[in-house]
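Contents: one structure, followed by commentary.
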Amino acid sequence: MNPSDSIVEKYTKLVGKYGLSYRTLDWGSQKSQQLRFKILSEIAPLEGTSVLDVGCGLCDFYEYLQNKGINANYYGIDITPNMVKKAQQRFPGVTIELKDIVLSNDLPSFDYVVASGIFYLLPSVRHVEDIIKAMFSVARLGVAFNSLSDWGGEGEKGELVLTPEKTVTYCKSMTKQISLRHDYMPHDFTMFLYKEMV
16 MNPSDSIVEK YTKLVGKYGL SYRTLDWGSQ KSQQLRFKIL SEIAPLEGTS
66 VLDVGCGLCD FYEYLQNKGI NANYYGIDIT PNMVKKAQQR FPGVTIELKD
116 IVLSNDLPSF DYVVASGIFY LLPSVRHVED IIKAMFSVAR LGVAFNSLSD
166 WGGEGEKGEL VLTPEKTVTY CKSMTKQISL RHDYMPHDFT MFLYKEMV
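Below, the structure is given as structure tokens:
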């Protein structure tokens with residue numbers, strides 16, 4: 016079975032149960048969701064840039080940017096049909112599409128590509144690396160993503176927890192311009208990858 020099938024099944028159930036709620040995205044709390052968004056948005060000044068949100072869910076990151084007065088050209092993609100439909104209904108003027116970043120070969124380039132909370136249900140680190148590589152390939156300036164960190168323990172059963180050092184090592188194969196943030200939650204880290212300017 017494709018690993019994304021079980022993820023789609025899980026989120027289809029959650030969106031049916033909770034609707035427009037942070038619980039639909041399986042966040043521990045709205046506060047933690049907003050904190051992660053704050054850190055992601057610090058990759059660079061996003062005003063006037065184009066931003067691809069991978070695994071956009073209900074486009075809460077778009078709402079976060081709007082609430083902060085940051086006007087970016089936002090584009091959201093997700094693999095869960097019901098989630099995409101809800102997001103499209105919520106923000107009818109925003110481009111939100113049903114796409115898998117790894118399987119899609121028709122995505123344009125974006126200044127920044129971000130992903131929040133999309134790795135923890137994946138079956139292996141290799142799947143995470145495939146997504147990071149795909150994100151980096153369509154980014155003009157940089158990539159930002161977060162993950163559960165094994166510096167804070169093993170995590171809950173069934174959750175994929177990454178080792179920050181190993182993630183840095185993988186990302187160094189694409190760029191040496193990297194920033195690791197592990198200063199906002201004990202069990203979470205964010206990485207910024209920047210395209211090297213020649």
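Just so we're on the same page, the numbering used here is the position in the sequence shown counted from 1, plus 15. Backbone N, C-alpha and C define an ideal beta-carbon position, used for all residues, glycine too.
Residue 210 versus residue 192: straight-line alpha-carbon distance, rounded: The straight-line gap from Cα to Cα measures roughly 7 Å.
Alpha-carbon to alpha-carbon, residue 104 and residue 33: Rounded to the nearest angstrom, the two C-alpha atoms are 16 Å apart.
As assigned by DSSP and simplified to three states, the class of residue 199: Residue state, collapsed to three classes: coil.
Residues bridged to residue 206 (per DSSP): Answer by DSSP bridge pairing, in chain order: 160, 195.
Where the beta strand (DSSP E) through residue 126 begins and ends: In the DSSP annotation of this structure, the continuous segment of the beta strand (DSSP E) that includes residue 126 starts and ends at 125 to 130.
DSSP state of residue 182 mapped onto helix, strand, coil: Helix at residue 182.
Helix, strand or coil at residue 135 according to DSSP, with G and I counted as helix: Coil, per DSSP.
Alpha helix (DSSP H) segments (min. 4 residues) lying fully within the stretch 63 to 103: Runs of alpha helix (DSSP H) with 4 or more residues, each lying fully within the stretch 63 to 103, are found at 75 to 82, listed in chain order.
Residue 174 - containing beta strand (DSSP E), residue span: Run containing residue 174: none; DSSP gives neither H nor E here.
Residues near residue 49 by beta carbon distance below 6 Å, same chain, minus five either side: So the list is empty, once near-sequence residues are dropped.
Helix, strand or coil at residue 112 according to DSSP, with G and I counted as helix: Under the three-state reduction of DSSP, residue 112 is assigned to strand.
When 141, 118, 82 are compared against residue 94, the one with the closest alpha-carbon: Among 141, 118, 82, the Cα nearest to that of residue 94 belongs to 118.
Residue 51 classed as buried or exposed, judged by whether at least 16 other C-beta atoms fall within 10 angstroms: Counting the other CB atoms within 10 Å of its CB gives residue 51 a total of 16 or more, which places it among the buried residues.
For residue 154, the residue or residues it bridges with in DSSP: Bridge partners of residue 154: 125.
CB of residue 127 within 8 Å of CB of residue 159, strictly: Residue 127 places its beta carbon less than 8 Å from that of residue 159.
Proximal residues to residue 68 (C-beta, below 6 Å), its chain only, five neighbours per side dropped: Excluding the 5 residues flanking it on each side, residue 68 has same chain C-beta neighbours closer than 6 Å at 76, 91, 129, in chain order.
Three-state secondary structure (DSSP) of residue 47: Three-state result, residue 47: helix.
Own chain residues within Cβ distance below 6 Å of residue 6, not counting five before or after: Residue 6 lies beyond the range of the chain shown here (16 to 213); nothing can be said about it.
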